[in-house]
Every structure is written in structure tokens, then in C-alpha cells.
Amino acid sequence: MSASVSTIPSTPPPAPEPAPFRVSAAQAGLIASNFLMWGGFFAVIPLVTVHFSGPAAGGGLGWSAASVGLVLGLRQLTQQGLTVFGGAWSDRLGPKPLILAGCLLRTAGFAWMGFADSLGVLLAAAVLAGVGGGLFDAPKSAAITQVTREEHRTRMFSLTSLSGNAGMVTGPLIGAALLGLGFRSAALAAASVYLLAALVLAVTLPHLRPQRGAGRSLDGLRVAALDTRFRRFTLVLIGYFILSTQINVAVTLKAIALAGTGATGPLYGLSAGMAVILQYPLLRAVERYLPTRTALVVAVALVGLSLGLMSVATTFPALLACVALYSLGTMTVYPTQQTLTARFAPPALVGSYFGFSAISLGVGGAVGSVLGGALVDTGVRLGFPALPWVTLAVIGVLTALGLRWALRGLDEAPADAT
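Going by the working numbering, the sequence shown opens with residue -12, and the numbers climb by one from there.
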């Protein structure tokens, strides 16, 4: 009689738990350098408006607001124009050389601003600073992606975003304090911060292998440009970035008029501080109650409304209340716009679509800087100080309506390049 052998079904081995997220030296360097870059930027850029366009009685040079707007707009247009191609260049060379070169050029550009005594020199320094930013923007995101496991990238990008907002809080406060020593000292200090960021990354960031398929990346830009629906979305967003850049131009000029040159610290501190504290819980609430496309339309309308209300803000606290409303809108726009860009993009061309989307920021930021300064000057000349705020509110309404049109059916139908 043979013994029967019972077969016990084998239990499949448990799935391995994902590796815990521990910040590596390269990741820590990217987080720290992002804080330094944003802090250095906001230590000097608001002071460009204060120093060159501020009244002579307050230590400014009294240049027209339009000329300073031209400087800021040209810097942004230069940076965002290069950002479109920065990712493709990073694929060929690896991100580290481009990031380091960009930091060094930004150092030189900001230092040169401290010695600018004419509009031509200031424009040249702004272009140099813009070239630097265009070189490190996209490669920095590429580096974060390469040094972070896929399942941890969302958390890593959140940490870098948090460090950037922290830099936005501290930068204006440091810049305002340094302004007492003169604009040149503030510009040189901000420039040295970018040099420090370059040194941090030189030590902590390894030379990452260049990505393959640089040619495909450039082809992807062509595909994004030929995608009719995405092209409409990108072009309509120019209107929003005309509004968002006013924190550096029209809003700063109004704050100075109401509270003096020391107003820039509280102004930027409030905006960035709200982003640090409220952005994550606000986005969780938005995701729960609103479709992404509706959230973007509402947020843009809120930004336009807040700028319109600045026409009746006659005290600095009232202006800060409008800035708080403005910040609630802007902190909602960025993540929703990024999410919708990814939704438009075919899976293999997400990077190219994000690169193409930089056009809206570049054009809108440049136009907004020039337009904001020109509207302030024209409003003063015509005796109609509400002119910039009424105009910006109208742009906000038109942009919100344009986005509602451009995003029709996006949630129901997959994006196709047409």
C-alpha cells in the first residue's frame, strides 16, 4: 500500500516592499541648491524695480517703470526661450555641466547688474542672467529625475518645490536688509549665492550619463507644436503669465508707493509663505471638489479678480489682502497647469510637451513685464491710476474664458496630436 502524499499549495512570496525614501547626497545637494537659487533670485530681482525705478528721494534712480519692465521681461524671455531646448541639450551632455555653467553665468549677470549705470548695461546683464537660468532650469529637473527612483519622484519634487518656496520667503527679506548697504552690495551678495549653489552641486551631484535620443527630443517639440489643442492651451496661458509677473512689476511699484522700499520684504514673504503653508492642503481640497480643468479656470479668474481689487487698495494692509487672494490663485495654477500638460502629452513625449509649454511663460512674462510698467506710467500720465488694474482684470476674465474653451472635452477624450 503506497502512502499518499498530499500536496500543499505553495503560497506566493510576498511582494517586496518598496525601498524607503532616504535623501542621498545628490538629492540633498539639489534641494539645497534649489533653495539657494530661489533665495538669490528673489534677493535681487524685486530690488531691480526698487533701485532703478524708485523715486530719487528714496535712493532710487527714477527710471521709468516701462524701462525696468523691459529689463525684467527680456530676462524672462531669454530664460524661458532657452528652457525650451535645455532638456534636449541635457540629453546630449548630461545635466551637470549645463547646471554648473548656468549658475556661473547667473553669477556674472547678477554681479554685473550691481555696476549697471545705463539701460543698455542693465539689459545686457539681464540677458546674461537669463541665459544662465535657461541653461540650468530643465537640466535641474532632469537631474532630479535621474537621481531619484520612480516611486519616490513625486516626494522629491515636492521637497525641491518646498525648498524653492522657502527661498522665496527668505530672499526678499535678505535683499531688503542688504539694500541699506546699497544695491551693488545686494546684487553681489545674490550673485555669490549662485556661486555657492554651483559649488554645492559640483561636490554632491555625480556626472550623470547623457540621455539617449536627443534628436527625438527635438522631434517631440515639433509634435507638441503641431498638436492643435495643446497649442491653443499654451497660447491662452500667455494671458495668465502676463498677470503672474505683475508681482515683480505693478504690484511691487504700488507697494513701494504705499509703504516705501521696505515693502518688498513683507510683500514677497506673504506670497511665498502662503505657498509653503497652504499649497499642499489647498490642492488636496481642490482635487476633492473640482475637476482639474475647472480648478485652473477658477484660479486664473481669482488672480485677475485680485489684481482688479488692487485698484481700490489705498493702504498697504489692503494691498496685502489682495496679494493673499492673488497668491491663492497662483499657487493653484502651477500644479493644475502641469497636470493638464501631462494629460495632453503622449507618454513618450512628456518632456517635449513640458518644454514647449515654457513658451507661454516666456512670452507672457516678457509681455507682462513691459505691459505692467507701461500701464503704470500711462495711468500716472493720464491721472487714472486704476488703469493697470482694470486692464489686468480684463485680461484675467478673457484668459479664464479662453482656458474654458481650450480645455473643452479634455477629461473625456485622450489627447491626440493633430
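Cβ atoms here follow ideal geometry from the backbone N, Cα and C, with glycine treated the same way.
For PRO253, the enclosing alpha helix (DSSP H) covers residues 251 to 276.
Counting along the chain, ASN21 sits inside the alpha helix (DSSP H) bounded by residues 12 to 40.
Taking LYS241 as the centre and dropping the five residues before and after it, the same chain places the C-beta of MET297 and LEU306 closer than 7 Å to its C-beta, in chain order. For GLN233, there is no enclosing alpha helix (DSSP H), since its DSSP letter is neither H nor E. By the Cβ rule, the region 143 to 163 counts as touching the region 25 to 36, because three or more pairs are nearer than 8 Å. DSSP, reduced to helix, strand and coil, places TRP50 outside both helices and strands of the structure shown, so it counts as coil. DSSP places ALA103 outside both helix and strand once states are collapsed to three, so it counts as coil.
Sequence-distant Cβ neighbours of ALA112 in its own chain, meaning closer than 7 Å and more than five residues away, are GLY96, TRP99, MET100 and ALA103.
Closest in C-alpha terms to ASN152, from the list ALA19, PHE39 and SER344, comes ALA19. A distance below 8 Å between beta-carbons, with the five flanking residues on each side excluded, links LEU257 to the following residues of its chain, in chain order: LEU307, VAL310, ALA311 and SER314.
Each residue's CA atom was taken as its position, placing ARG93 and ARG171 some 15 Å apart. Our two residues, GLY226 and GLY383, have alpha carbons roughly 7 Å apart in a direct line.
Its chain contains VAL187, LEU188, VAL190, THR191 and LEU192 as the residues whose beta carbon lies nearer than 8 Å to that of GLY16, once the 5 sequence neighbours on both sides are disregarded; these appear in chain order. In this structure, the beta-carbon distance from GLN63 to GLY349 falls below 8 Å.
Around the beta carbon of TRP76, 16 or more other beta carbons lie within 10 angstroms, which makes this residue buried.
PHE371 carries a coil assignment under DSSP once its states are collapsed to helix, strand and coil.
DSSP, reduced to helix, strand and coil, places GLY167 outside both helices and strands of the structure shown, so it counts as coil.
If the five residues before and after ALA250 are omitted, its C-beta is found closer than 7 Å to the C-beta atoms of ALA242, ILE243 and PHE303, all from its own chain and listed in chain order. When the beta-carbon positions are compared, PHE331 and TYR340 come within less than 8 Å of each other. Around the beta carbon of HIS38, a 10 Å sphere encloses 16 or more other beta carbons of the protein chains shown; the residue is thus reported as buried.
Using a Cβ distance threshold of 8 Å, VAL284 and LEU390 count as a contacting pair. In this chain, the alpha helix (DSSP H) harbouring THR279 covers 279 to 296.
For VAL108, the number of other beta carbons within 10 angstroms of its own is below 16, and it is reported as exposed. Looking only at THR135, LEU69 and LEU80, the smallest Cα-Cα distance to LEU115 is reached by LEU69.
When the alpha-carbon of ALA282 is set against those of SER293, LEU292 and LEU269, the nearest one is in LEU269. Look at the beta carbons and you see the region 48 to 62 touching the region 353 to 363: at least three pairs across the two are nearer than 8 Å.
Secondary structure remark: continuous alpha helix (DSSP H) runs of at least 4 residues inside the region 59 to 97: none found.
Take the alpha-carbon of ALA184 and the one of ALA177: they are about 11 Å apart. TRP376 sits buried, since 16 or more C-beta atoms from the chains shown fall within 10 Å of its C-beta.
Contact between LEU374 and GLY366 holds, with the beta-carbon distance rounding to 4 Å and staying under 8 Å. Judged by their CB atoms, VAL71 and ALA345 are nearer to each other than the 8 Å cut-off. Annotation for LEU85: GLY73, TRP76, SER77, LEU122, PHE123 and PRO126 place their beta carbon closer than 8 Å to its own, counting only its chain and skipping 5 residues before and after.
Here GLY351 is buried: its Cβ has 16 or more other Cβ atoms, across all protein chains shown, within 10 Å.
In the three-state scheme derived from DSSP, where H, G and I count as helix and E and B as strand, GLY396 is classed as coil. In the displayed model, THR135 falls within coil according to three-state DSSP, outside both helix and strand. A direct Cα-to-Cα measurement between PRO82 and ARG368 gives close to 48 Å.
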